[in-house]
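A.B. asks:
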DNA sequence: AGGGTATATATCCGTCAAGGAATGTTTTGG
DNA sequence: CCAAAACATTCCTTGACGGATATATACCCT
């Protein structure tokens with residue numbers, strides 16, 4: 102679900118984690134170290150990402166290599182596509198906005 | 102901030118609101134009615150969206166017309182772009198993933 | 001000016017999520 | 001088989017959040 106993806110990434114540490122894993126798979130310890138997180142917190146956040154389908158864990162000896170799973174990101178990209186017309190238009194000047202309102206009124 | 106955008110949209114009602122406003126500006130009452138929300142709840146969520154910069158309110162008599170502000174969505178799109186290579190690759194079959202690990206090991 | 005409408009804000013409550021410390025589990029190495 | 005390493009899970013506490021109700025504010029109309 103799109104909402105789950107957004108909620109999972111709405112947490113700063115988890116967003117950083119994904120950005121970190123974007124470069125390639127990493128074990129839990131390195132992820133935690135990179136973000137300055139404790140080991141339990143790291144595992145917890147990785148679990149949240151995993152449950153959102155944003156990440157997969159692959160056993161490698163006594164470690165677990167986490168890597169990005171792109172599916173949810175594709176879904177997010179598809180959703181953003183539906184805003185294509187909105188993104189194209191330059192709505193950001195207030196007067197433009199007001200002008201449009203007067204038109205449609 | 103990207104996190105704020107994701108966090109704001111991580112709430113199902115707010116995501117629905119944005120999807121609703123994607124078609125064009127609406128007053129609070131119609132937004133609430135469309136989502137089956139009470140008036141205070143509607144205002145509260147719209148405020149959250151507004152504070153995330155995802156929405157603007159324009160006074161129209163005693164009403165306020167809310168509409169989408171594209172800036173944060175552009176930022177989101179830009180962020181997604183950095184995952185372009187990840188999205189392109191077909192990571193989704195587990196064996197493919199494993200094969201890649203064995204390669205890089 | 002007054003009454004009604006549309007929206008915003010305040011408050012209370014229940015719930016959930018994040019951080020921290022301790023413990024459990026699996027795997028490796030000897 | 002035992003001890004240590006790497007993670008996962010649990011429990012606790014605390015702060016934030018969403019829903020509901022009540023109240024305040026702003027605006028229009030007559």
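Protein chains in written order, with our numbering: chain U, 102 to 206; chain S, 102 to 206.
Glycine included, every Cβ here is placed at the ideal spot set by N, Cα and C.
1) Under 8 Å between C-beta atoms, does residue 138 (chain U) make it to chain S?
2) So is residue 118 (chain U) buried or exposed if we call it buried at 16+ other beta carbons inside 10 Å?
3) Hey, could you find the ends of the beta strand (DSSP E) residue 166 (chain S) is sitting in?
4) Between the alpha carbons of residue 178 (chain S) and residue 178 (chain U), how many angstroms are there, rounded?
5) When you compare the CB of residue 184 (chain S) with every CB in chain U, is at least one pair closer than 8 Å?
6) Which of the three DSSP states is assigned to residue 127 (chain U) in this structure?
7) Check each residue of the stretch 164-178 of chain U: if its Cβ is closer than 8 Å to any Cβ of chain S, include it; give the result in chain order.
8) What first and last residue would you give for the alpha helix (DSSP H) that runs through residue 153 (chain U)?
9) Can you tell me which of S:128, S:112, S:126 and S:139 puts its alpha carbon nearest to the alpha carbon of residue 149 (chain S)?
10) Checking 8 Å against the spacing of the C-beta atoms, do residue 132 (chain S) and residue 147 (chain S) come in under that value?
11) So for residue 205 (chain S), helix, strand or coil by DSSP?
12) Are residue 155 (chain S) and residue 173 (chain S) closer than 8 Å when you measure CB to CB?
13) Note down the Cα distance separating residue 122 (chain U) from residue 109 (chain U), rounded to an integer number of angstroms.
C.D. replies: Taking the coordinates as given:
1) no
2) buried
3) 164-169
4) 8 Å
5) yes
6) strand
7) 166, 168, 169, 170, 171, 172, 174, 175, 177 and 178
8) No alpha helix (DSSP H) contains residue 153 (chain U), which DSSP labels as neither H nor E.
9) S:112
10) Their beta carbons are under 8 Å apart, which means residue 132 (chain S) touches residue 147 (chain S) by this criterion.
11) Low local confidence applies: a pLDDT of 43 at residue 205 (chain S) is under 50, so the model's placement there is unreliable, and no value is given.
12) yes
13) 15 Å
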